[in-house]
Amino acid sequence: MRHDAGNTLPTIKTMLKQDIFLCNLDDLDEQESIELSIEQRPLFAVRLNDNLYAYWNNCPHIGVPLNWMPGKFLDLDKAFIQCSSHGAIFGIDTGKCVAGPCVGDHLSRVELKQKDNNFYVAADQHLPSPPINLRAQALADLEDN
Ligand code: FES
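Residues in the sequence shown are numbered consecutively from 11, following my numbering.
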């Protein structure tokens, strides 16, 4: 599941000024994820044990998005978050890298607010830098040559 809140918001520089609806917990099955983009900053959340864990979609290894397909953030067993670039795996509930090139690092957690079964990206948190777009960089390099 994926949606983009960037077009409905006032310009946000570095601080999120309002809560943004993410999903109702009932919208997701266990170990299913949802994506959202806020001002070109993608994030995702995974339902686990009737809770929701959300992270900015930047791998701590080199700062690229973790997934190569929409909504695909987990390993085959759906036990860990897995980066599609070099295979790092992260705890769903902790965001800690437990294997791979950035072992010991953490995904950046997105602060959520819960009202009944509805989850919101909480206001008053800093937005990270947008992830590195390697494809756009490669195309720009080609144009320069
Ligand atoms: S970019 Fe994620 S493991 Fe390398």
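All residues carry an ideal CB built from backbone N, CA and C; glycine is no exception.
In this structure, Cys33 has its beta carbon at no less than 8 Å from each heavy atom of ligand 1. Taking non-hydrogen atoms of ligand 1 into account, the C-beta of His116 is found less than 8 Å away from none of them. The DSSP-derived three-state label of Gln28 is coil.
The C-beta distance from Tyr130 to Leu32 rounds to 6 Å, short enough to fall under 8 Å.
When DSSP reads this structure, Ile99 sits in a beta bridge with Gln92 and Ala109.
Boundaries of the beta strand (DSSP E) around Leu46: Ser43 to Ile48.
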